[in-house]
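As structure tokens, the structure follows; a few thoughts come after it.
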Ligand code: SF4
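Numbering (the numbering used here), first residue to last: 997 to 1228.
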């Protein structure tokens, strides 16, 4: 059964609203966007995850829960992979609808500030999801290593529906469009390896990302964060 939870992001919203930005105008837009999120209840954050026992693992094909993922990167060189830890999180669709409305009203600066805050809130929710998944693993004396999202090098985008189904995305309203995008758009879905004595992954999903040089969220090694609850 999936572990499903609503996530309160008020504290993160307050912190993000007062974070330094490049100009006074941007700071004003950011505060206005944060106030809009709070007043109009534009964020309904939720997360769902499930550890799905591995049925078999052969030639890079991982079978679990009646599904197959081709993800050889998740197969560790040491230790024993016993499950796929699949999770999904969302901040809902109200914020993206409000962003579209602001563009239609020709208020692009506020629309962009709102969209940016939404992305950062989704990142915070994703981090909380990972912390919960790690806590779940620790209670069962499992280790977790590696993280992939469909579309990353190492996990074809066509596996997006499989990851969402294994994580029971439907329980929090997360689905996949015909074009394999997550719905709502401000959602994420991830799969990690879980097992016994897994070594930290020597790779990160950020390694080959073209945005890694300028991305503020880039991580040199995903496993580092996965072993420290609360780490960015
Ligand atoms: S570098 Fe940034 S954009 Fe690229 S995968 Fe990592 S977190 Fe995502």
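Note that CB positions come from ideal geometry on N, CA and C, so glycine has one too. These figures come from a predicted structure and were not determined experimentally.
Per-residue DSSP class, three states only, for residue i
i            : result
residue 1118 : helix
residue 1002 : strand
residue 1010 : helix
residue 1184 : strand
residue 1165 : helix
residue 1038 : coil
residue 947  : Missing from the structure shown is residue 947; the chain here goes from 997 to 1228 and no further.
residue 1091 : helix
residue 1017 : coil
residue 1031 : helix
residue 997  : coil
residue 1209 : coil
residue 1214 : coil
residue 1220 : Caution is warranted here: a pLDDT of 42 is assigned to residue 1220, below 50, making its placement in the model unreliable, and no coordinate value can be reported.
Beta bridge counterpart(s) of residue i as assigned by DSSP
i            : result
residue 1057 : 1054, 1066
residue 1197 : Answer is none; residue 1197 lacks a bridge partner.
residue 1048 : 1080
residue 1178 : 1172
residue 1190 : 1079, 1140
residue 1085 : 1043, 1184
Distance between beta carbons of residue j and residue i, contact taken as under 8 Å
i            : j            : result
residue 1146 : residue 1185 : 7 Å
residue 1142 : residue 1188 : 6 Å
residue 1192 : residue 1083 : About 20 Å separates the two Cβ atoms, so there is no contact after all.
residue 1113 : residue 1012 : 6 Å
residue 1068 : residue 1194 : That pair is no contact at about 15 Å.
residue 1087 : residue 1212 : The pair is not a contact, with the Cβ atoms about 18 Å apart (cut-off 8 Å).
residue 1098 : residue 1080 : Actually they are not in contact, since the Cβ atoms of residue 1098 and residue 1080 sit about 39 Å apart, beyond 8 Å.
residue 1121 : residue 1041 : 5 Å
residue 1035 : residue 1049 : Between residue 1049 and residue 1035 the Cβ distance is about 45 Å, and since that is not below 8 Å, they are no contact.
residue 1044 : residue 998  : 5 Å
residue 1065 : residue 1155 : 6 Å
residue 1117 : residue 1039 : 6 Å
residue 1003 : residue 1093 : 20 Å between Cβ atoms; not a contact.
residue 1025 : residue 1090 : So it is not a contact: roughly 19 Å between Cβ atoms.
Contained alpha helix (DSSP H) runs [length at least 4] in the stretch 1097-1156, N- to C-terminal order: Within the stretch 1097-1156, the complete alpha helix (DSSP H) runs of at least 4 residues are 1104-1135.
What residues does the ligand SF4 have around it, judged by CB closer than 6 Å to any heavy atom, in chain order? Close to the ligand SF4, as judged by a C-beta nearer than 6 Å to any of its heavy atoms, are the residues 1201, 1202, 1205, 1207, 1208, 1211, 1213, 1214, in chain order.
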